[in-house]
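Report on the structure given below.
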Amino acid sequence: MNLLESLNKYANQFSLIKAQDNNYTIKYDGLYLHSSKFPVLEAQRFIEPLKYCDQSATIIILWGVGLGYHTELLVQQGFTIIAVELRREIAEIFKMVFPIEKLHAFIDVDDPQKIFDAIVSLPAYQSLNFVDLSMRNITFKDQVWTSYTEKGKHVLRSTHNIHFHLMESWYCNILQNIQLLNSQSISIIPTTVFCGKKVIICSAGPSLKESLPYLEKIHHSYVIIAVDTALSSLLEYGIVPDFVHAVDAKIHNVTDFVSIEHSIFNKMILIADISVHPIIVNQPWKAISFVSTGHPVNHPKKGLYIHRIELINFLMSYGIKFPELQTGGSVATSAFHYAVSHGAEKIIMIGQDLAYTNYRGHAVGTTYDRQYRSNANRLKTLETIHVHKLPDFYAQGIDNQLVLVDPLLEQFRHWFEMSIAFCKEENLHNRVINGSESGAFFDSWSHEKLSVIGKNDNIHIDKIFDFSLNPIINLTVLFEKLYIEWINFVLDSHQKSLLHEYFYSEYTQLLKGEVYNEFLYNRKYNRLKKIIAQYHFQGTKI
39 MNLLESLNKY
49 ANQFSLIKAQ
59 DNNYTIKYDG
69 LYLHSSKFPV
79 LEAQRFIEPL
89 KYCDQSATII
99 ILWGVGLGYH
109 TELLVQQGFT
119 IIAVELRREI
129 AEIFKMVFPI
139 EKLHAFIDVD
149 DPQKIFDAIV
159 SLPAYQSLNF
169 VDLSMRNITF
179 KDQVWTSYTE
189 KGKHVLRSTH
199 NIHFHLMESW
209 YCNILQNIQL
219 LNSQSISIIP
229 TTVFCGKKVI
239 ICSAGPSLKE
249 SLPYLEKIHH
259 SYVIIAVDTA
269 LSSLLEYGIV
279 PDFVHAVDAK
289 IHNVTDFVSI
299 EHSIFNKMIL
309 IADISVHPII
319 VNQPWKAISF
329 VSTGHPVNHP
339 KKGLYIHRIE
349 LINFLMSYGI
359 KFPELQTGGS
369 VATSAFHYAV
379 SHGAEKIIMI
389 GQDLAYTNYR
399 GHAVGTTYDR
409 QYRSNANRLK
419 TLETIHVHKL
429 PDFYAQGIDN
439 QLVLVDPLLE
449 QFRHWFEMSI
459 AFCKEENLHN
469 RVINGSESGA
479 FFDSWSHEKL
489 SVIGKNDNIH
499 IDKIFDFSLN
509 PIINLTVLFE
519 KLYIEWINFV
529 LDSHQKSLLH
539 EYFYSEYTQL
549 LKGEVYNEFL
559 YNRKYNRLKK
569 IIAQYHFQGT
579 KI
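All residue numbers for the sequence shown refer to the working numbering, where the first residue is 39 and numbers rise by one.
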């Protein structure tokens, strides 16, 4: 059924007005939403400026869909459409007459800001152009449209800042870490390692301290995965996790591990992103399992895929593959997907506040908590330090109270919820529980505090995990054949990452003087060349 047939079907129900060309229009607040004479011709003229856009690389955000004429034309031309309609009556009509599944997203009056944030944060959108084709009053444009466009530009700017400043660390760490792929310490952990077992993932939110007394009583009944930042808090309480998950490439993350005794490392398995800092990897772990983390992208044409850096794609093309995990800002996101992909029967998250519970950013005992504590004194407590820094921004909490957050924590929560929605496992929502004692409310999870969950869990489980310690690949053979291609690829892909064509188009103008600096780029590029030239792989110098 095409659009006109649908409009004919519902014309009487919604009091649609017949136009001169036998199509329909409608009045809203005394004004016609479409031409009363030729609404289809009007829609064709409306979208004409978009005819020069590449349909495969363009996402159209339509603000106001009306009865769907211009939306239908854009879908027919192959564009990816995000449709926004905040007028309740018009949104209801549109959902009745237009097949919503043909759109990438339809944002109505439920929670437009939340959905929009989740969509524009995906890293697949490497450039962003705003074309204002409609006419509206000045107040609306200033208060709504401008805020949305500026938010989109801010997200894009942040994404490129991260890539620009971390690319060197990612590549240098990977070059060092892959030398361990043919050592006996690197494990291949089967995807069934958690089958029949219940997993608790410990994040470093402020409420973790409240959960630790209950965790101490029941940790023998669960597989414990700690994110890197939460490790010190657990060890201070006498709890040694079974797995530790680390993804950070920067040196500051090393401080979570430097004070730990070697005998403790021998009891834990490290789940490490291949780009994690090498000092973390070189500790005497019981075993190490390398993974590759990336942002989940639900592309309307490609479907769901993981967005990787080019160097990982290169390694995969030559048979060096790692388990792929979704990430979303907080380390707990990829720890969660590790548990899901390795067969966990039930997953309980604790310390997953994503809020400033009691005006604190992290649990007591974590590295970040100690850093803030060093700046505190009798007249300036940790709580007042955070209060003065944070905006007056609140979200719904677990106990139906408002909790203090900031836009970044809200973004992490939206990413996590969206990431869970991408999981294809059946009944996943029934297997995930937010056991945090306090914090932000997650739409995708059930909520039951660990103090309640653990009352009946006193059965010790077998924590002998099945994994092999066979070398993954013979690097000697690999680099004898590929070392020339390797260095060419690393340098070329690094250049392409930073100097992609959109860097010289609208995006360069947008960020002129903020991100792109030719001198800074050349300095980083030449430094990377020198670092790579120092590496030795099984006697082959690159």
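The beta-carbon is built from N, C-alpha and C at its ideal position, and this holds for glycine as well.
| Check | Outcome |
| --- | --- |
| Length at least 3, wholly inside the segment 272-357: the beta strand (DSSP E) runs in chain order | 281-284, 307-311, 325-337 and 341-345 |
| Beta-carbon proximity list for G477, same chain, < 7 Å, skipping 5 on both sides | G243, S245, Q390, D391, L392, A393, T395, G435, I436 and V441 |
| Q364 - partner residues in DSSP beta bridges | G332 |
| Rounded separation between V78 and W101 - CA only | 18 Å |
| Whole-angstrom distance between P322 and H300, CA atom to CA atom | 6 Å |
| Stretch pair the segment 348-355 + the segment 365-374: three plus CB contacts closer than 8 Å | no |
| Minimum length 4: unbroken alpha helix (DSSP H) runs contained in the segment 53-119 | 77-85 and 107-114 |
| Outcome for V103 when other beta-carbon atoms lying within 10 angstroms are tallied against a minimum of 16 | buried |
| Separation of C233 from L45, as counted between CA atoms | 52 Å |
| Neighbourhood of E455 by C-beta, 7 Å cutoff - its chain only, sequence neighbours within 5 removed | F480, D481 and S482 |
| Where F431 falls, given that 16 or more other Cβ within 10 Å makes a residue buried | exposed |
| Coil, strand or helix - Y432 by DSSP | strand |
| Cβ neighbour criterion (16 or more within 10 Å) applied to K236 | buried |
| Own chain residues within Cβ distance below 6 Å of F488, not counting five before or after | In the sequence as presented, Phe is not what sits at residue 488; that position holds Leu. Cβ within range, chain order: S249, Y252, I388 and G473. |
| Where H290 falls, given that 16 or more other Cβ within 10 Å makes a residue buried | exposed |
| Residue from S74, L105 and I97 whose Cα sits closest to the Cα of F52 | L105 |
| Exposure of K288, with buried meaning 16 or more beta-carbon neighbours within 10 Å | exposed |
| H257 versus Y275: straight-line alpha-carbon distance, rounded | 12 Å |
| Whole-angstrom distance between I471 and E486, CA atom to CA atom | 7 Å |
| Supposed contact pair S271 and K255 - C-beta distance, whole angstroms, cut 8 Å | Actually they do not touch by this definition, with Cβ atoms about 17 Å apart. |
| 8 Å Cβ cutoff met for V314 and A284 | yes |
| As assigned by DSSP and simplified to three states, the class of N50 | coil |
| Buried or exposed by the 16-neighbour rule on C-beta atoms within 10 Å, applied to G68 | exposed |
| Within 8 Å, strictly: CB atoms of A370 and S484 | no |
| Cβ shell of A382 (< 6 Å), same chain only, five flanking positions each side left out | F232 and V237 |
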